[in-house]
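Beneath this line is the structure, given in structure tokens, with notes to follow.
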Amino acid sequence: MMSELGKVIAPGTLRIERRLPGRIERIWSYLTDSRLRGKWLAPGDMDLRVGGRVELRFCHADLSPHVEPTPERYKDLENGHTMQGRITQLDPPRLLSFTWGEPSDTSEVTFELMQQEAEVLLIVTHRRLTDRGEMCSVGSGWHTHLDILSDKLHERTPRPFWSSHSKLEAEYKRALPDQLAIVRVSRDFPVPAERVFDAWIEPRVVSTWLFKTAEIVRADIDARTGGSFSIVDRRNGEDVEHCGRYLEVERPRRLVFTVQVPKYSPQIDCVAVDIVPTSSGCNLVITHELSPEWAEQTREGWEMLLEALSKRLT
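Residue numbers (the numbering used here): 1308 to 1621.
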């Protein structure tokens, strides 16, 4: 029986959950101990502090005694590969986040653990993904690795990685929505994440850069999960409203909100704003899900607005 597929919970964000046997401390060790992590994901050093380096040395053939060929499209991984990132959140034994790579605008994975009687609920959330193709790849990858972890914890022979992954990748391609486009833009800021986050929710600051084509005449913002915003600018004597609702508010890391411009379209888009600290400040990624015909125009618009935000903050 196939375990439950992961779900897209916001633009560029995929979440997958597993219930695993045992105590939370044991599952935590399978995330952080190189030897145990190597049994289901990849070994490698992990400097357990915010800002600490993470190294994952992948060799998928080592995860199961089943011998099978590497698919042609993944032949470059046949002899293993190494990923390096940085820890962005740490609260043992309940929370671990790290970047999936070293570029400032790379994606980020978060592990959340909750003890529930004799089991642990493990929630894996991968954010800042670029498009549907990457979400299908990430979803099938985590799904396969977590199934192997479950096999290990239940003392079963681990299933083969590549044949399991191929079947799951086909399932994710069928299951994940494909009718919308994803626009992703990013920018580095030489200021703390808190300042960048607050620039999205403080009316006085928002009025100087966000949705600004001329004069902002009103900015009403209730920045809480379930709250709403209404920002009105005046264009050639006409008032144009940008409005929406906040789906997630997690200062200073994440905002997810809907957005609509009723004067021009009934369509409601969804936008995720993810902010990750860097050695010189922070990196912001906007992931906007929308109809394909507006994608390029929207990309140009966000790039222009992020330039305006940069000037406002620096």
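Where a beta carbon is used, it is the ideal one built from N, C-alpha and C, also for glycine.
Starting from the N-terminal side, write out each stretch of the alpha helix (DSSP H) that is 4 residues or longer and does not extend beyond the region 1478-1529.
1500-1505, 1510-1513
Cutting at 7 Å between CB atoms, please list the residues of its own chain near LYS1480, excluding the five before and the five after it.
Here the question's residue 1480 lines up with position 173 in the sequence shown. Result list for LYS1480: CYS1443, in chain order.
Anticipated Cβ contact below 8 Å, ALA1500 with VAL1513, distance rounded:
If you number the sequence shown from 1, residue 1500 lands on position 193. If you number the sequence shown from 1, residue 1513 lands on position 206. ALA1500 to VAL1513, Cβ: 17 Å. No contact.
Throw me the rounded Cβ distance for the ARG1619 and THR1532 pair, which I believe falls under 8 Å.
On the sequence shown, position 312 is the one that residue 1619 refers to. On the sequence shown, position 225 is the one that residue 1532 refers to. Incorrect: roughly 25 Å between the Cβ atoms, too far for contact.
Could you check where the beta strand (DSSP E) with ASP1546 kicks off and where it finishes?
Position 239 of the sequence shown, counting from 1, holds the residue named residue 1546. Counting along the chain, the beta strand (DSSP E) containing ASP1546 begins and ends at 1545-1557.
Return the chain-ordered list of same chain residues with a C-beta closer than 6 Å to the C-beta of THR1565, the five sequence neighbours on each side being excluded.
Numbered from its first residue, the sequence shown carries residue 1565 at position 258. GLY1551, ARG1552, ILE1575, CYS1577.
At what residues does the beta strand (DSSP E) containing SER1617 begin and finish?
For the purposes of this step, residue 1617 is taken as the residue at position 310 of the sequence shown. Taken as a continuous stretch (DSSP letters only), SER1617 belongs to no beta strand (DSSP E), being part of the alpha helix (DSSP H) at 1602-1620.
Quick one: what's got a C-beta closer than 6 Å to ILE1430's C-beta in the same chain, skipping five residues either side?
Position 123 of the sequence shown holds residue 1430. Same-chain partners within the cutoff: GLU1324, GLU1419.
What would DSSP say about GLU1379, mapped onto helix, strand or coil?
Mapped onto the sequence shown, residue 1379 falls at position 72. The three-state secondary structure of GLU1379, taken from DSSP, is helix.
If ARG1434 sits next to GLU1409, beta carbons under 8 Å apart, how far is it from one beta carbon to the other, in whole angstroms?
On the sequence shown, residue 1434 is found 127 positions in, with the first residue counted as 1. On the sequence shown, residue 1409 is found 102 positions in, with the first residue counted as 1. Contact flag wrong, Cβ pair sits at about 16 Å.
For TRP1507 and PRO1484, what's the separation of their Cα atoms in angstroms?
For the purposes of this step, residue 1507 is taken as residue 200 along the sequence shown, with counting starting at 1. For the purposes of this step, residue 1484 is taken as residue 177 along the sequence shown, with counting starting at 1. Going by the C-alpha atoms only, they are around 28 Å apart.
Can you name the start and end residues of the beta strand (DSSP E) that CYS1589 belongs to?
The residue given as residue 1589 occupies position 282 in the sequence shown. Per DSSP, CYS1589 belongs to the beta strand (DSSP E) from 1588-1597.
Under 9 Å, do TRP1601 and ALA1477 count as touching if we go by C-beta distance?
Residue numbering aside, residue 1601 sits at position 294 when the sequence shown is read from its first letter. Residue numbering aside, residue 1477 sits at position 170 when the sequence shown is read from its first letter. Contact flag unset, no.
With 16 as the cutoff for other CB atoms within 10 Å, does LEU1591 come out buried or exposed?
The residue you call residue 1591 lines up with position 284 of the sequence shown. When all chains shown are included, LEU1591 counts as buried.
Using 10 angstroms around the beta-carbon of TYR1337, count the other beta-carbons present and answer buried if the total reaches 16, otherwise exposed.
Within the sequence shown, residue 1337 is the residue found at index 30, counting from 1. Label assigned to TYR1337: buried.
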